[in-house]
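Asks: The numbering used here puts the first residue of the sequence shown at 1456, with every later residue one more than the last. Where is the CB? At the ideal position from N, CA and C, for every residue including glycine.
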Amino acid sequence: MLGAMHEKYTLTSPERLPRDAEGKESVFAGGALPKRRMLVGLDVICLLVASIPFFACELKAVTPYQRGLFCGDSSITYPYLDSEAIPDGLLIAGGIIITGLTIALGECCRVRFCGVKSRAFVRNLYVSTLYKELGSFLFGCCVGQSMTNVAKLCVGRLRPHFLSVCNITYTSLNCTVGTYIPHITCKQPDHAMVEEARKSFFSGHASFAMYTMLYLAFYLQARLSGSGARLLRPLLQLLLVLLALYTGLSRISDYRHHPGDVLTGFLQGALTACWVAFYISSMFKSSQPGLSPTSVSLDVSPSSQQTPREGSW
């Protein structure tokens, strides 16, 4: 009888220990789950707040600064062109779709082939990785465009085609060359076109194009392996930067911006891309546990850790 009791104890005791441990783990997970959800909600709120200045400008809630002009200034006498080399819709769709799809494909490949694991409360590894990387990219888009629109409203620099849009000439103003005219009365009935002609500094096209393409170049540097074709990755990065440069420079040819506006837009977009890639996104960071899916919450299996960090695909 003692032998039977001992056998029963030895058979059932190992089964109870995992249940107890599982119970403790479930209690811990249950306590951390609300906090993680709160952090996700905080991320969403931060994204919305960062986009407020952008939508305030696009919805015409704030008017630009009413800047005057110097009589005889030839930099604002260019004609107004109806067509644009890169329209706004093409810019936004191209920048977000190209970068977004590349990031989505890269993260799905990491989960599928590189043994990426996640401690986020989202059980689906694909959702958690996409949430983290795409969330960082979209946050940078909102921040960059909000900064651009704030500058446009505060500075109110006149576009190169301002006189054409305003439907006036220096002769009609009857002014002396070199004198400053603080108040301008336009003959253009479309008030929205006149306000848009006061938003030259700095170029939103140059800023957005440089941010999206340079951020994608950083992503390729972190994720695309260079062990095979060594020149493939730098070639792709070069093409992305050239595409951004063409987008910004086309605004000068379309008489939408002055050269200084485009140069400043390039600089702002590049700085935003560096800030998001190196300080917000985890593409260049080592894996550490975190509570929020937007924090560093991904672990790579030991077999994949032996490969170089930049060769994750």
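(1) Using DSSP bridges, identify the partner residues of F1525.
(2) Got a sec? Which residues, its chain only, sit under 8 Å from D1716 by beta carbon, not counting five neighbours each side?
(3) With DSSP as the reference, label P1473 as helix, strand or coil.
(4) Over the uninterrupted alpha helix (DSSP H) stretch that includes G1659, give me the two end residues.
(5) Which ranges would you report for the alpha helix (DSSP H) in the region 1546–1570 if only whole runs of at least 4 residues count?
(6) Which stretch, first to last residue, makes up the alpha helix (DSSP H) that contains I1707?
(7) Checking 8 Å against the spacing of the C-beta atoms, do T1702 and A1664 come in under that value?
(8) Looking at Q1723: is its Cβ nearer than 8 Å to the Cβ of G1599?
(9) Name the two residues that bound the continuous alpha helix (DSSP H) containing N1604.
(10) Buried or exposed: which applies to H1616, given that a residue is buried once 16 or more other Cβ atoms fall within 10 Å of its Cβ?
(11) Between G1496 and I1735, what straight-line distance do the alpha-carbon atoms span, to the nearest angstrom?
(12) Using a Cβ-Cβ cut-off of 8 Å (strictly less than) and excluding sequence neighbours within five positions of I1507, which residues of its own chain qualify?
(13) Measure the C-alpha to C-alpha separation of G1720 and G1549 and round it to an integer number of angstroms.
(14) Look at the Cβ atom of L1589, then the Cβ atom of G1555, and state whether they are nearer than 8 Å.
(15) How would you write the range of the alpha helix (DSSP H) that S1619 sits in, first residue to last?
(16) Cutting at 6 Å between CB atoms, please list the residues of its own chain near R1522, excluding the five before and the five after it.
(17) Tell me which residues share the same chain as V1517 and place their Cβ nearer than 6 Å to its Cβ, disregarding the 5 neighbours each side in the sequence.
Replies: In brief:
(1) Within the DSSP secondary-structure output, F1525 pairs in a beta bridge with Y1635.
(2) Listed in chain order, the non-local C-beta contacts of D1716 below 8 Å within the same chain comprise R1612, S1655, F1656, F1657, S1658, A1661, R1706, local neighbours out to five positions each way being set aside.
(3) Low confidence applies here, because P1473 scores a pLDDT of 43, under 50, leaving its location unreliable and the question unanswered by this model.
(4) Note, G1659: alpha helix (DSSP H), 1659–1678.
(5) Entirely contained in the region 1546–1570, not one alpha helix (DSSP H) run reaches 4 residues.
(6) 1687–1708 is the extent of the alpha helix (DSSP H) around I1707.
(7) Yes, the Cβ-Cβ distance between T1702 and A1664 is below 8 Å.
(8) When the beta-carbon positions are compared, Q1723 and G1599 come within less than 8 Å of each other.
(9) Its alpha helix (DSSP H) spans residues 1580–1610.
(10) With 16 or more Cβ atoms within 10 Å of its Cβ, H1616 is classed as buried.
(11) When rounded, the distance between both Cα atoms is 17 Å.
(12) Excluding sequence neighbours, I1507 sits near S1601.
(13) If you draw a straight line from the Cα of G1720 to the Cα of G1549, it comes to about 18 Å.
(14) Yes, they are a contact pair.
(15) That run of the alpha helix (DSSP H) goes 1617–1621.
(16) By the criterion of a C-beta distance shorter than 6 Å, R1522 is surrounded in its chain by G1611, once the five residues flanking it on both sides are discounted.
(17) A distance below 6 Å between beta-carbons, with the five flanking residues on each side excluded, links V1517 to the following residues of its chain, in chain order: A1511, L1608.
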